[in-house]
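Visitor:
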Amino acid sequence: MYKDDPGYDCSKLLETPYDPEFAEKKYNPDKPMENRITDIGPPHYAQFFPEVIKKNYGKWLTHEIIQPGVIKYTSETGDVMWVVRCGTPRLLTTNLMREISDIADKFSEGICRWTTRNSVEFHVTDEGTLKDLIEYLNNFKHPGGSYKLPIGGTGAGITNIVHTQGWIHCHTPATDASGMVKGVMDDIFEYWHSHKLPAKLRISMACCLNMCGAVHCSDIALLGIHRKPPFVEDDRITGVCEIPLAIAACPTAAIKPATVELPDGKKVKSVRVNEPRCMFCGNCYTMCPAMPLADAEGDGVAILAGGKISNRITQPSFSKLIIPYIPNEPPRWPGVCEAVRKMVEAYEKNANKYERLGDWAKRVGWERFYELCDIPFSDKSIDDYRLAYDTYHTTTQFKWSSHTDALMK
Amino acid sequence: MADLKKHDTPMIDELKKGPWPSFADDINTRAESGVQCCYDLLGQMELSYVHKETHWKHGGIVGVFGYGGGVIGRYSDAPHEFPSIAHFHTLRINQPASKFYNTKFLRKLCDMWDHRGSGIFNFHGSTGDMVMIGTTTDQLEPIFFDLTHQFDMDLGGSGSNLRTPSCCVGKARCEYSCLDTQAITYDLTMTYQDELHRPAFPYKFKFKTSGCPNDCVAAIARACTSIIGTWRDNIRIDQKAVQAYIGGEIKPNAGAFSDRDWGPFDIQKEVIDLCPSKCMYMDGNELKIDDRECVRCMHCINVMPSALRPGVDTGATILNGAKAPILEGAQMSTLIIPFMKMEYPYQEFKDYVELMWDWWMEEGKNRERLGELIQRQGLRHYIVDILGRKPIPQHVKEPRSNPYHFWKEEEVPGGWKRDLAEFRKKHLA
Ligand code: SF4
Ligand code: SF4
Ligand code: SF4
Ligand code: SF4
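These protein sequences, in sequence, are chains A and B.
In this text, residue positions in the first sequence follow our numbering: the first is 1, and each later residue adds one.
In this text, residue positions in the second sequence follow our numbering: the first is 410, and each later residue adds one.
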């Protein structure tokens, strides 16, 4: 059926080398509609499938992870295929992309695939090639010594950290993304290429409350937060912002219109922030560049935990705020790394087989979770935002823990 | 080459150490091959590491002619120090469904991106698009011409648009998949090209498709409309394979626990007792499932993929309204349609999309996600009045615990107009 779709076959285009002058010949700024093609959508996916996948599409019977990062698939047709999964930092240059292409050409029919969590996968159909590929990848390193494409990310281990842009390319971050992820993954690398956890563990990272990284349902979530209300640049605001939009953007109605006098005596329309009402979400800044929040002392990282997406055994659940604030400590964020490691190790030691981090915490009780992870409880984990009641503990069922011991001393 | 300006970046250099792939090393290697903007990018990042604040300016609207999305403007706030990244815009490019590529495509793309931009990608952005980081305003139209003419490829979504739909690997590789996730994603992407490229919505809108309730693409947490594969007949059981698991010939969970000794596989403890609906039991040597009670959580299938398979009468559960916490707090998608057959050309689904979008475009406030509108006007209103669907217990985790239902006048016999004089005849004031 897909053969009838527009854009099915771009193989001819791909055979033709890139023409660097093409656009200048075809594009005329005075007549932008001339020669224009629009709304053609993505290339059709099927043309990029390896032959073995074209043949066995929808016919796969079972799979087995033969070692961390290497999955063997068996089809109804009797065909087998191995997939080797490799970590990437998501941020890739054309240099590395060409090397990935070399690997795909050499070992996997010139095809590779990226996963939802930014790992790259190579598909092979014979065991000899598989062995060579694994050996090649294990020796494939950057000049500084890091693996270029480390194998792992399957089974009861830690997968690649989905993350956002941070200081490398975004205008609203409260922290960096790539650097923090590098620090954390270096620290817990042993869990990337092993299967020794009670179940899979997903870490996600987002550098501001916009959460491009959807960290709100992860086993462990690292989240950049601001802690100072926005500035208001009175002398600039009318030029760069629609004041009503900035006011409407604030979820807590903390922004009010105001007429203010500039130092030169000129009166301008601006806004004032009712600071105790500000929850530092940054929405106003998104709407209005004259209201920046970024601040070296104010900004940092919150850590949430216990969320999941999969419907397996228990229902999907939100991550909960465990540590309200850790300062930004570039280049390696040791405070974040330590907190993550404590949680991972306590989970490894204490959870049951198949039990996700949040389910373990729920089973032993959150009070025990704090105790086992050796993390102090903070008043900031008591919800005082909307719908907070849902999280209140409306039962006398609780466990004695170090916290109650301390109270009753 | 001689006039390349390398900045001093001790903190960024620190990130070259350690086993995990170093983006700093990768970008530095590319800089050394003669690319100034890579040096400047690392230099500006070092400055952010010193200041602990970003050095990218807010906004600045850029784009290609006729499109409202796909390009995100980005300018350095230290352009004199880092002139080659003074403008450094992002392009979102619509990825092929489930992200397979051949190297002809990748190499040609590299040629183009080296010529017209920084040579730095995100593979992929959090929404799913292939992302190119770093080019100047004058290159945007040429890149669009190159992509459409030389690659058969188009921009993805950004702004108050439909965002680029994405999906799990589905039937291409996964035996669990109850849906043709790629075909659905491709079809929706093609059908809604206009919505993808020209902002007409109150805010962003996302479709994501996972082939089964394991939900590898995180549809339930990230999509305004989550399409998640399921089945309504029985789990297929291969009793011989069940015995092979019990006998230890096949490793549980496809070998996912290989680095730790959890003892011999115990089907009672590891499968039957963990089934959330307690609908499995052993009848002698046979594994039995009371399928009517099964909530299709995937656990037993994940543990014994060679013995158990989803049924054959497959379709999708449709959920609505997931979003990150901004503004009204995080939301998970809420179950709306328990089961829908998803067959080409997906007309039933598209009819549903029309109803949903019409309501949201009419009633949604600026920057209000569908999930927030459902909260504001009520799930009951959405299901019953907007979609015209029959309410069922599956729509709630549990019935409400307060009795404050807003009865409508027409629901009460005699309506709300009453005769006070008649009332007072019966009741002294
Ligand atoms: S999470 Fe926030 S700071 Fe990070 S990339 Fe998204 S919008 Fe930018
Ligand atoms: S940061 Fe958020 S809460 Fe604070 S003033 Fe801005 S919009 Fe309002
Ligand atoms: S969501 Fe289900 S069908 Fe899709 S890849 Fe994951 S396990 Fe397979
Ligand atoms: S899919 Fe889940 S609910 Fe259904 S039988 Fe298996 S374990 Fe039980």
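We treat Cβ as the ideally placed atom computed from N, Cα and C, and that holds for glycine.
Taking the continuous alpha helix (DSSP H) assigned at His123/A, which residues delimit it?
Guide: For the purposes of this step, residue 123/A is identified with residue 123 of the first sequence, where counting begins at 1. Where His123/A is concerned, there is no enclosing alpha helix (DSSP H), although the beta strand (DSSP E) it sits in stretches over Val120 to Val124.
Visitor: Are Asp538/B and Ile481/B closer than 8 Å when you measure CB to CB?
Guide: Here residue 538/B corresponds to residue number 129 of the second sequence, with the count starting at 1. Here residue 481/B corresponds to residue number 72 of the second sequence, with the count starting at 1. Not in contact: Asp538/B and Ile481/B (Cβ atoms no closer than 8 Å).
Visitor: Is there a C-beta anywhere in chain A that falls below 8 Å from the one on Met541/B?
Guide: Taking the first residue of the second sequence as position 1, residue 541/B is located at position 132. Chain A, which has no Cβ nearer than 8 Å to the Cβ of Met541/B, makes this no.
Visitor: Following a CB-centred definition, is Met454/B positioned closer than 7 Å to any heavy atom of ligand 1?
Guide: The sequence position of residue 454/B within the second sequence is 45, counting from 1. No; taking the cut-off as 7 Å, the Cβ of Met454/B has no heavy atom of ligand 1 nearer than that.
Visitor: So is Gly693/B buried or exposed if we call it buried at 16+ other beta carbons inside 10 Å?
Guide: Within the second sequence, numbered from 1, the residue matching residue 693/B stands at position 284. Per the 10 Å Cβ criterion, exposed.
Visitor: Return helix, strand or coil for Ile494/B, following the three-state DSSP convention.
Guide: Along the second sequence, one-based indexing puts residue 494/B at 85. Looking at Ile494/B - three-state DSSP - the assignment turns out to be helix.
Visitor: Buried or exposed, going by whether 16 or more other CB atoms sit within 10 Å of the CB of Gln740/B?
Guide: For this step, residue 740/B is matched to residue 331 along the second sequence. It counts as buried.
Visitor: Ordered along the chain, which non-local residues of its own chain (more than five positions away) have a Cβ less than 8 Å from that of Arg525/B?
Guide: For the purposes of this step, residue 525/B is taken as the residue at position 116 of the second sequence. Cβ within range, chain order: Thr544, Gln548, Pro551, Ile552 and Asp555.
Visitor: Shorter than 7 Å, the distance from the beta carbon of Cys446/B to the closest heavy atom of ligand 3, or not?
Guide: Position 37 of the second sequence, counted from the start, is the residue given in the question as residue 446/B. Checking the Cβ of Cys446/B against ligand 3 gives no.
Visitor: Are there any heavy atoms of ligand 3 lying less than 7 Å away from the beta-carbon of Cys625/B, as far as the coordinates show?
Guide: Locating residue 625/B in the second sequence gives position 216, where the first residue counts as 1. The answer is yes for Cys625/B.
Visitor: Go ahead and label Pro812/B buried or exposed: buried means 16 or more other beta carbons lie within 10 angstroms of its beta carbon, across all protein chains shown.
Guide: Here residue 812/B refers to the residue found at position 403 of the second sequence. Label assigned to Pro812/B: exposed.
Visitor: Is it buried or exposed for Thr159/A, if we count other Cβ within 10 angstroms and need 16 for buried?
Guide: Walking along the first sequence from the start, residue 159/A turns up at place 159. That one is buried.
Visitor: Please list the partners that Cys706/B has in chain A, where partner means a Cβ-to-Cβ separation under 9 Å.
Guide: Start at 1 with the first residue of the second sequence, and residue 706/B comes out as number 297. Chain A residues near Cys706/B: Ser310, Asn311, Arg312, Ile313, Thr314 and Gln315.
Visitor: Compute the Euclidean distance between the alpha carbons of Gly468/B and Phe497/B, then round it to the nearest angstrom.
Guide: Here residue 468/B refers to the residue found at position 59 of the second sequence. Here residue 497/B refers to the residue found at position 88 of the second sequence. Each residue's alpha carbon lies about 11 Å from the other.
Visitor: So, do the segment 757 to 766 of chain B and the segment 808 to 824 of chain B have three or more beta carbon pairs nearer to each other than 8 Å?
Guide: Output reads no: the segment 808 to 824 of chain B does not touch the segment 757 to 766 of chain B.
Visitor: Using 8 Å as the Cβ pair cut-off and three pairs as the minimum, do the segment 504 to 512 of chain B and the segment 104 to 116 of chain A touch?
Guide: Output reads yes: the segment 104 to 116 of chain A touches the segment 504 to 512 of chain B.
Visitor: Within 7 Å: the Cβ of Pro173/A and any heavy atom of ligand 1?
Guide: Indexing the first sequence from 1 puts residue 173/A at position 173. Under cutoff, so the answer is yes.
Visitor: Classify Tyr385/A: buried if its beta carbon has 16 or more other beta carbons within 10 angstroms, exposed otherwise.
Guide: Counting from 1 along the first sequence, the entry for residue 385/A is found at position 385. So Tyr385/A counts as exposed.
Visitor: Within 7 Å: the Cβ of Met691/B and any heavy atom of ligand 1?
Guide: One-based indexing of the second sequence puts residue 691/B at position 282. False, no ligand heavy atom lies under 7 Å from that Cβ.
Visitor: Determine the contact status of Thr93/A and Arg439/B, defining contact as a CB-CB distance below 8 Å.
Guide: Reading the first sequence from its first residue, position 93 is the one you call residue 93/A. Reading the second sequence from its first residue, position 30 is the one you call residue 439/B. Against a cut-off of 8 Å, the Cβ pair of Arg439/B and Thr93/A comes out as a contact.
Visitor: Indicate whether at least one CB of chain A lies closer than 8 Å to the CB of Tyr458/B.
Guide: Here residue 458/B refers to the residue found at position 49 when the second sequence is read from its first residue. Tyr458/B counts as touching chain A.
Visitor: What beta strand (DSSP E) runs, 3 residues minimum, are completely inside the segment 620 to 699 of chain B?
Guide: Whole beta strand (DSSP E) segments, 3+ residues: 634 to 640, 689 to 692 and 695 to 698.
Visitor: At 7 Å on the CB atoms, spell out the chain B contacts of Asp281/A, in chain order.
Guide: In the first sequence, counting from the first residue as 1, residue 281/A sits at position 281. The question names Asp, but residue 281/A is Cys in the sequence shown. Going along chain B in sequence order, the residues near Cys281/A (Cβ under 7 Å) are Ile735.
Visitor: Going by other Cβ atoms of all chains shown within 10 Å of its Cβ, with 16 needed for buried, is Gly724/B buried or exposed?
Guide: Numbered from 1 along the second sequence, position 315 holds the residue referred to as residue 724/B. Buried, because 16 or more other Cβ atoms sit within 10 Å of the Cβ of Gly724/B.
Visitor: Since Thr175/A and Asp299/A should fall inside the 8 Å C-beta cutoff, what is the C-beta to C-beta distance between them, to a whole number of angstroms?
Guide: Residue 175/A sits at position 175 when you count from the first residue of the first sequence. Residue 299/A sits at position 299 when you count from the first residue of the first sequence. Confirmed, Cβ separation roughly 6 Å.
Visitor: Given the structure, does Cys621/B come close to ligand 4, in the sense that its CB is under 7 Å from one of the ligand's heavy atoms?
Guide: Indexing the second sequence from 1 puts residue 621/B at position 212. False, no ligand heavy atom lies under 7 Å from that Cβ.
Visitor: Leaving aside the five residues before and after Ile237/A along the sequence, list all residues of the same chain whose C-beta is less than 6 Å from its C-beta, in chain order.
Guide: Working through the first sequence from its first residue, we reach residue 237/A at position 237. Once the five neighbours on either side are set aside, the close Cβ partners of Ile237/A are Ser270 and Ala290.
Visitor: Given that Val162/A touches chain B, what residues does it touch there, using C-beta distances under 7 Å?
Guide: To locate residue 162/A, count along the first sequence from 1; it is residue 162. Ordered by position in chain B, the residues that pass the 7 Å Cβ test against Val162/A are Ser535.
Visitor: If distances are taken between C-alpha atoms only, which option among Lys72/A, Lys228/A, Glu233/A and Glu297/A comes closest to Pro276/A?
Guide: As a working mapping, residue 276/A is identified with position 276 in the first sequence. It is Lys228/A whose Cα lies nearest to the Cα of Pro276/A.
Visitor: What's the gap between the Cα of Asn350/A and the Cα of Pro198/A?
Guide: Your numbering for residue 350/A matches position 350 in the first sequence. Your numbering for residue 198/A matches position 198 in the first sequence. Taking the straight line from one Cα to the other gives about 9 Å.
Visitor: Contact criterion: CB-CB distance below 8 Å. Does Asn210/A meet it with respect to chain B?
Guide: For the purposes of this step, residue 210/A is taken as the residue at position 210 of the first sequence. Judged by the 8 Å Cβ criterion, Asn210/A is in contact with chain B.
Visitor: For the alpha helix (DSSP H) holding Pro551/B, just list the boundary residues, first then last.
Guide: Looking up residue 551/B in the second sequence gives position 142. That run of the alpha helix (DSSP H) goes Leu549 to Phe554.
Visitor: Just reading off the alpha helix (DSSP H) that Tyr510/B is part of, what are its end residues?
Guide: If you number the second sequence from 1, residue 510/B lands on position 101. Note, Tyr510/B: premise wrong, no alpha helix (DSSP H); beta strand (DSSP E) at Phe509 to Asn511.
Visitor: Regarding Pro685/B and ligand 4, is the C-beta to nearest heavy atom distance less than 7 Å?
Guide: The residue given as residue 685/B occupies position 276 in the second sequence. Correct: Pro685/B has its Cβ closer than 7 Å to ligand 4.
Visitor: Taking only runs of the alpha helix (DSSP H) that begin and end inside the segment 167 to 221 of chain A, which ones reach a length of at least 4 residues, in chain order?
Guide: Listed in chain order, they are 178 to 187.
Visitor: Who are the neighbours of Phe474/B on chain A, taking C-beta pairs under 7 Å?
Guide: The residue given as residue 474/B occupies position 65 in the second sequence. Pro32, listed in chain order.
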